[in-house]
Every structure is written in structure tokens, then in C-alpha cells.
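Protein chains: 2
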Amino acid sequence: MPPVDSTMPELRKDPIVGRWVIIAPDRLTRPQTIRDNGNGLAPDAYDPFLEGNEDATPPEILAYRAPHTEPNGPGWRVRVVPNKFPALRIEGELTNRGDGMYDVMSGIGAHEVIIECPHRETNLSRLAVDNIREVLWVYRDRLVDLKKDSRLIHGLIFKNKGALAGASLDHSHSQLIVNPIIPITIQEEMQGAEAYHRYRGRPIFADMIQQELATGTRVVIDSADFLVFCPYASRFPFETWIVPKNHTSHFENISRQGIDEMGVVLKQTLQKLELALDDPPYNYVIHSSPFDVQEVRHYCWHLEIFPKLTRVAGFEWGSGFYINPIAPEDAARFLRETEVE
Amino acid sequence: MPPVDSTMPELRKDPIVGRWVIIAPDRLTRPQTIRDNGNGLAPDAYDPFLEGNEDATPPEILAYRAPHTEPNGPGWRVRVVPNKFPALRIEGELTNRGDGMYDVMSGIGAHEVIIECPHRETNLSRLAVDNIREVLWVYRDRLVDLKKDSRLIHGLIFKNKGALAGASLDHSHSQLIVNPIIPITIQEEMQGAEAYHRYRGRPIFADMIQQELATGTRVVIDSADFLVFCPYASRFPFETWIVPKNHTSHFENISRQGIDEMGVVLKQTLQKLELALDDPPYNYVIHSSPFDVQEVRHYCWHLEIFPKLTRVAGFEWGSGFYINPIAPEDAARFLRETEVE
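Protein sequence lines correspond, in order, to chains A and B.
Counting from 1, position 187 in the first sequence corresponds to residue 188 in my numbering; the numbering is continuous, with no gaps.
Counting from 1, position 179 in the second sequence corresponds to residue 180 in my numbering; the numbering is continuous, with no gaps.
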């Protein structure tokens, strides 16, 4: 699927609700090619993310490597490359202009792929804890680096696991999209959290952690530094959040100890979901504060996981209105009772 | 899939962004049963919506029938029945209470199915225009009727077409969910439209129609009373909106002439999408003002159609952040050039 049109991607703003959307029209050619035939990924297909196939990807941006190994050759443990079909481009000037009543920006930003292991493994949860910790370090390092670019104000780290969750390759990987705008979900969370803080005088995530611990019914894992739970108003069955107890607004400010523990907690959470739900497709997204604010009291970064279990998601897709057939208390109990190493 | 638990459904509010979610825990039994095996609908399966199979559904709420035919027997053209697995229940008291820091309401409301034709037809677009008009009349009649219930303040009419869009039966049908709350999408649109009106002194939908007509590149159909176009900041490829030019806030206040024309316009729009995209799964949703406000100047009801073309929707699902690989101008041109009767 090579780019056939070098049109610069654009960020366009919905004038009614203020949602920015990336229009990246050179990612595909003909409308028919985007019809989805329902097939999964071929497990025997060529794997461009395999150690030894480094020339199948654009040159690496970052890699954690064994000493004395060369960039873009074997010897790495976690590797970051530009997305071959980027939704945004890092080169160019950031322009922001009106188009009649509409607003449009040049699609400046970064779209990177984090290859989580050198061998062909589909599940992050099966990697060693130290490997998962290095994946988290890479997330952090890339955010810290891209934050220096004053054109960019928000970084979204996410993972699509499985074809039904949008993955086009089965080799375990995540993605990073760094934007000159704040995604509407993050913006709404920041605003909601700020309003709560103004009204109650306490951070909402701290109150949530306190109530979840007191109630206990929605808790999946309670570790020293993290609470894993199914949120009260879960949109999807088995929606699961990992929230740090020390309440910091920016993921990239995570401590060494935080990453050490998060490696364990993330592995266990994914293992539980995979065991309980028979290796489901899933997405996870790290919600974190924009680059252009310093530490804020009212917001707390966190990771949201959505197993992709039902097609009942039909109309929720565009309507933003959700019907969840599994109570979060039932999902949490089920996950708590699923024993993992 | 019979209900195994008679727990009342609940409406729960996300404390951060204020989004209400329906938790309807009796719709399914075990977590495993909600795994989606990727199969479509069996075209030879028993059809509970067929004329003659009226006893396969709960008793009808409304039907347009031939004279002298009996309720719940043959002779109908369009028929409305309660959803057999309702997300909300019409019986009971509407309670609204705190649950610590959270808010919860009893899941009072209506969840109905509109069976669009007596014979087995999968595509609304293949029905005669008069049949489609009667479907629209039924939408209107049900909203007008449910509006009398002072516990309920918003009605969402939507269609899931095809298994990939969430349909569990292939016989052409739509659904109606009437809520004691306003879905967050509608609330955000109302707020955004009001802010625009305050600032510019003009309704946003009127400005949009004017600019779309002046530009022309995103227009699909321009009829006397409706504009069909691909919105400037389309979230999905081939997202298409049908907006009335006379700018009314409530769908249920549509005129006789409006329905006459909308029948034609909806049929043509769906025919174009189906011809251009090879009969894709799709969802449509009617966005309309809440029951508890009279006609408002700033908002305009409209119908949004989302063909379900890509699985690239992976992480957009939960993140609210969209990457659209097809420019709306390209989609609109393609649809304009697709000739239908």
C-alpha cells in the first residue's frame, strides 16, 4: 500500500463540537481498497518487525541495543521507527488558518511505531517483565524527546492488538502519535477534572482511587503504586484502567520505581484479560496531560484498556452513546478471580 | 440469549467527562459468550421479523396495517415492537441518586425495534420510496408518543445494517432508545451550537449549509429541502450527513412535505453508498434536540451515516481520536458521480 499522493495530511476541526480529526488522504488509494474483508492477519506472512529485517522499516529513531551493535542492524531489544504510512508528518511548517467557517492546520506531528521485541511474539503480556519495562521506558523517552518540539503539544501512546482491534501486523507493537492539538477526549477529561477540583477542592482521580479501594467491587489489582479497576461507568465490557496512586499528570514524569512496578502490573492485567477472555483483540491508550502545561494538580495520567469483545459496538461507534452488557463489578470479579503467575 | 438476571439496568455517569452509559447486565450471561467469532448473519436463519412470524416478537406497539387486519397478525407494512433484550425498561420509578462520588439512575426508558418491511429485505434502500416514508413516519410517531412521558428527555433513532455494524438480524430494521438523560454527543453538539450562535449571531447549521453549497466539493445531493454532504471534519471515510435546509431542532416536528422528500433523499443516499462501496455495513443515527426544550434557534436535527469500512477504527473506538484516510472531498465526488435511479 504505497502512498500514491503526496498531499500533506491535514488536521481539521469539527465546528460544532470542536473535535480535531486527522485527514490523511494519502494513506489509501481507491475507496474499494478500504473495504474490510473480515480476515485476520496471516501468521506466516513476512514480518518486517523481526530482528534481521531492519531494512523493511524506515531507519530507526531509537533502539535499546546490545553494546557494539549498529543502528538498523540486529542486536536490539526494543526499537522505534517512523510509521511507514504516517498519519502526520514531522517536516514542514505548522500553519493554522480558517477555511470559511472551518479551521484547518497542516498535519505536522509524529507517527511512530514501537516494536516491542526482536522475535515474533504477538502478545506483550508474554514478554519478560524487564522487556515490558523497557517498552515503557521507550514510551517515556520518545515523549520527552518530542516534547522539545514547540510545534507539538500532545502525545498519544496506544496499542492495537489483533486484527479486530485495528492491527495490521501481528508482531507485538505500539504506536505514538504526537499532535499540534489536544485530542478532544483528553481535553474533555482535563476540563472535567478541573471543574471537579474547583468544586470539591480535591483531585478527582484521588477520590476515585479512594472510593474504589473502599468499595472493592471494581478492583482488579491493588499494588503499592497502582490501582487497576473496571471504571464505574465502563463504556465497554471489561474496560480496565491502570491508574497511578501517586497522582501525576504527565506519564513522561514517571519514576524509575513507577516503571518497575508498572511493568509487573501491566503484564498481570493483560494476562488476566487474555486468560479470562481467551486472548481477545484489544486496544490500550495512555491518557496524559498536554506538553504545554506543567504538572497540574487536578489531572492524573492513566492507561485505559478496551478488549474488543462485541460487535454490539455498532452504533456506539459514531454516536458516543454506550450500552455495556457486562456490569463492571462482574468484569472485575471475574478478572480478580483469574489467577496469573 | 434469554435474560438470566432480572437486575434492573442502570444509567451511570462518568464522573470525569459527564458521559452517561447504560449498564444493562442482564443482556448476556457469561463473559465468554460475548466474544465475537467474526461470522456474519446466516441468510437462511429463521426470521422473526417476517410477516406471519408476529408471535416471535413481543406484542406490537404500533403498526401501519391494511384495514381490518388484527394487531400482531399479518397485513402490516411497518411494525414497531419492544426490543426483546431491552437496554432500558419502561416500567418502574425514575430514581437518581449518588453512589459516593458517582451518579446513578434507574434504567428507565424505551428500547424499541422498527421492522421496516414485512418481507425479508436486508437493505432499506431497496424498499419503495413510500415504504421508506412510512418508516420515517413511524420514527416520528414513536417520538411524539414517548415524549408524553415526563420521565424521558431524549430519543435516539439509529440503524445497524450488517453484522459488522452490530446488527444481529438481517431483516431491515432500526431501533429507538429513549432515555431519561441526554447522550453526551447530543449534549456537546447542543452546547457547541449554542456557543456559536451566541458568538456569531447565526445558527451553525445554516452557516454550514451555506458554505457547503458555495464550495460544492463536499456536496453529495442538493435537493429542495435537504443537503446531503460529507462533513468537513469527517471522522470516518464516507461519513455522510443529511441536513434539512429549513433548520428545525426536533426531528419529530418534520412536515409532511419534509418526509416526502426525505424518503427520496435517504433512499438515494443509501443507494449511492451501497453502489459505490459494494453494499457496506453501516450505521445511521438521527441527532435531534431533547424533549424538554421547545424549538431552539441554534440547533438543527440531522441524520449521520457511517459506513463501516475499515478496522483502522481500532484505537479510535475508545480514544475519541480519529484518523480518516479518505478526504471528504474525495468521498463526496465519488458519491456524486455514482449514478442512481
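In this text, a Cβ means the ideal position worked out from N, Cα and C, and glycines have one as well.
Short CB-CB distance (under 7 Å) between residue i and chain B
i: A/Y233; result: yes
i: A/P26; result: yes
i: A/D293; result: no
i: A/R236; result: yes
i: A/A207; result: no
i: A/V229; result: no
i: A/A88; result: yes
i: A/V221; result: no
i: A/V82; result: no
Chain D contact for residue i (CB, 7 Å cutoff)
i: B/R66; result: In summary, chain D is missing from the structure at hand, where the protein chains are A and B.
Minimum Cβ-Cβ distance from residue i to chain A less than 7 Å
i: B/K14; result: yes
i: B/I158; result: no
i: B/M9; result: no
i: B/I116; result: no
i: B/I17; result: yes
i: B/I23; result: yes
Buried versus exposed, by CB contacts within 10 Å (16 or more), residue i
i: A/G93; result: exposed
i: B/T70; result: exposed
i: B/E275; result: buried
i: A/V244; result: buried
i: B/K149; result: exposed
i: B/G53; result: exposed
i: A/G99; result: exposed
i: B/A57; result: exposed
i: B/Q269; result: buried
i: A/R78; result: buried
i: B/A64; result: buried
i: B/T241; result: buried
i: B/R20; result: buried
i: A/Q176; result: buried
i: A/N325; result: buried
i: B/D293; result: exposed
Bridge partner(s) assigned by DSSP for residue i
i: B/L228; result: B/D223 and B/V244
i: A/M209; result: For A/M209, which the question treats as bridged, DSSP gives no partner whatsoever.
i: A/I109; result: A/R90
i: A/P308; result: A/Y283
i: A/A57; result: The partner list for A/A57 (beta bridge, DSSP) is empty, contrary to what the question assumes.
i: A/S320; result: Answer is none; A/S320 lacks a bridge partner.
i: B/Q176; result: B/V114 and B/F159
i: A/E11; result: A/I24 and A/S107
i: B/N97; result: B/M106
i: A/A64; result: A/R80
i: B/H288; result: B/H303
i: A/N325; result: B/I24
Within 9 Å of chain A by C-beta, residues of the stretch 321-340 of chain B in sequence order: G321, F322, Y323, I324, N325, P326, I327, A328, P329, E330, D331, A332 and F335
Segment contact flag, the stretch 297-312 of chain A with the stretch 205-212 of chain A, C-beta cutoff 8 Å, min 3 pairs: yes
Interface residues of the stretch 258-274 of chain B facing chain A [CB-CB below 9 Å]: none
Contact list for the stretch 92-106 of chain A against chain B, Cβ threshold 7 Å: G101, M102 and Y103
Stretch-stretch touch, CB-based, cutoff 8 Å, three pairs: the stretch 109-119 of chain B with the stretch 209-223 of chain A: no
Cβ-based contacts, 7 Å cut-off: residues of the stretch 174-194 of chain B near chain A: P184, I185, T186, E189, E190, G193 and A194
At least 3 beta-carbon pairs within less than 8 Å: the stretch 159-168 of chain B vs the stretch 179-197 of chain B: no
Touch test, the stretch 250-263 of chain B against the stretch 224-240 of chain B, Cβ-Cβ under 8 Å, three pairs minimum: yes
The stretch 165-174 of chain A / the stretch 139-146 of chain A touching (three or more Cβ pairs under 8 Å): no
Chain-ordered residues of the stretch 273-289 of chain B with a beta carbon less than 8 Å from chain A: A277, L278, D279, P281, N284 and V286
Any 3 or more C-beta pairs closer than 8 Å across the stretch 249-258 of chain A and the stretch 287-295 of chain A: yes
At least 3 beta-carbon pairs within less than 8 Å: the stretch 195-202 of chain A vs the stretch 82-91 of chain B: no
Chain B contacts made by the stretch 133-161 of chain A, where a contact means CB separation under 9 Å: L157, F159, K160 and N161
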